Amino acid sequence: MEKFSLQDFQHKADDVLIRHKSILDILTKLQESSARINRAVAKSATYCGCIELHIKKQEIPENISYSQLKGYMKSHVDGGLCDVCKEKIEQELSTSFFYMSALCNIFDLDMKNLLEDYYENHLKTLGKYGLL
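In terms of numbering that gives the first Met the number 0, the sequence shown has 123 at position 124, counting the first letter as 1, and numbering is strictly consecutive.
So this is what it looks like as structure tokens:
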């Protein structure tokens with residue numbers, strides 16, 4: 000198997016995207032793929048039951064610093080994905096990446112550069128404070 004690159008993925012997405020080449024098609028397919036991710040997660044809890052969702056207000060002590068906050072935040076997910084649900088969510092996420100790549104292609108944006116810039120200028124430089 001040859002080495003995978005994000006740029007190869009983006010070029011291949013451009014090659015194979017024929018029917019949904021319009022920006023409106025891409026935007027609606029991207030939104031649809033996001034909804035399908037949400038649905039797959041919900042079905043993992045409600046239909047399969049491999050995960051349980053215990054949603055409640057985050058309980059955060061009053062006198063902690065922002066850097067301590069992560070230790071108090073919960074995901075509200077108990078359990079782990081079974082193989083079937085994991086495969087379905089991976090499939091839906093992959094479809095979403097495909098349409099994000101198609102959107103980048105429309106505007107001549109390089110996904111690799113976008114991610115590298117975000118990593119350097121937000122995640123690495125600003126760290127947890129960049130997401131405020």
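Built from N, CA and C at the ideal position, the CB exists for glycine as well.
From a predicted model like this one, the values you see are computed outputs, not experimental measurements.
Can you tell me the Cβ-Cβ gap for L102 and I25, rounded? I've got them flagged as a contact below 8 Å.
Within the sequence shown, numbered from 1, the residue matching residue 102 stands at position 103. Within the sequence shown, numbered from 1, the residue matching residue 25 stands at position 26. Confirmed, about 5 Å.
Can you list, in chain order, the residues of its chain with a C-beta nearer than 6 Å to that of A39? Leave out the 5 residues immediately preceding and following it.
Here residue 39 is taken as the residue at index 40 of the sequence shown, counted from 1. Here the set comprises K87, I88, E91.
Would you mind giving the Cβ-Cβ distance between L29 and S95, rounded to the nearest angstrom? I have them listed as a contact below 8 Å.
Along the sequence shown, one-based indexing puts residue 29 at 30. Along the sequence shown, one-based indexing puts residue 95 at 96. Confirmed, about 7 Å.
Option nearest L23 by Cα separation, candidates A12, H121, N62, Y98
Reading the sequence shown from its first residue, position 24 is the one you call residue 23. Out of A12, H121, N62, Y98, Y98 has the C-alpha closest to the C-alpha of L23.
Among M72, A34, N104, K42, the one whose alpha carbon lies nearest that of C141:
There is simply no residue 141 to check, as the chain begins at 0 and stops at 131 in what is shown.
Checking the sheet assignment: what are the DSSP bridge partners for E51?
Here residue 51 refers to the residue found at position 52 of the sequence shown. For E51, which the question treats as bridged, DSSP gives the partners D77.
Inter-residue Cα distance where the pair is A34 and Q67
Locating residue 34 in the sequence shown gives position 35, where the first residue counts as 1. Locating residue 67 in the sequence shown gives position 68, where the first residue counts as 1. Each residue's Cα considered, the two are about 33 Å apart.
Roughly how many angstroms lie between the CA atoms of K20 and S32, to the nearest whole one?
On the sequence shown, residue 20 is found 21 positions in, with the first residue counted as 1. On the sequence shown, residue 32 is found 33 positions in, with the first residue counted as 1. Using only the alpha carbons, I get a separation of about 16 Å.
Cβ pair Q6, N104 closer than 8 Å:
The count along the sequence shown starts at 1 and reaches residue 6 at position 7. The count along the sequence shown starts at 1 and reaches residue 104 at position 105. No, they are not a contact pair.
So, D77 versus I50, is the Cβ gap smaller than 8 Å?
Within the sequence shown, the letter at position 78 stands for residue 77. Within the sequence shown, the letter at position 51 stands for residue 50. Yes.
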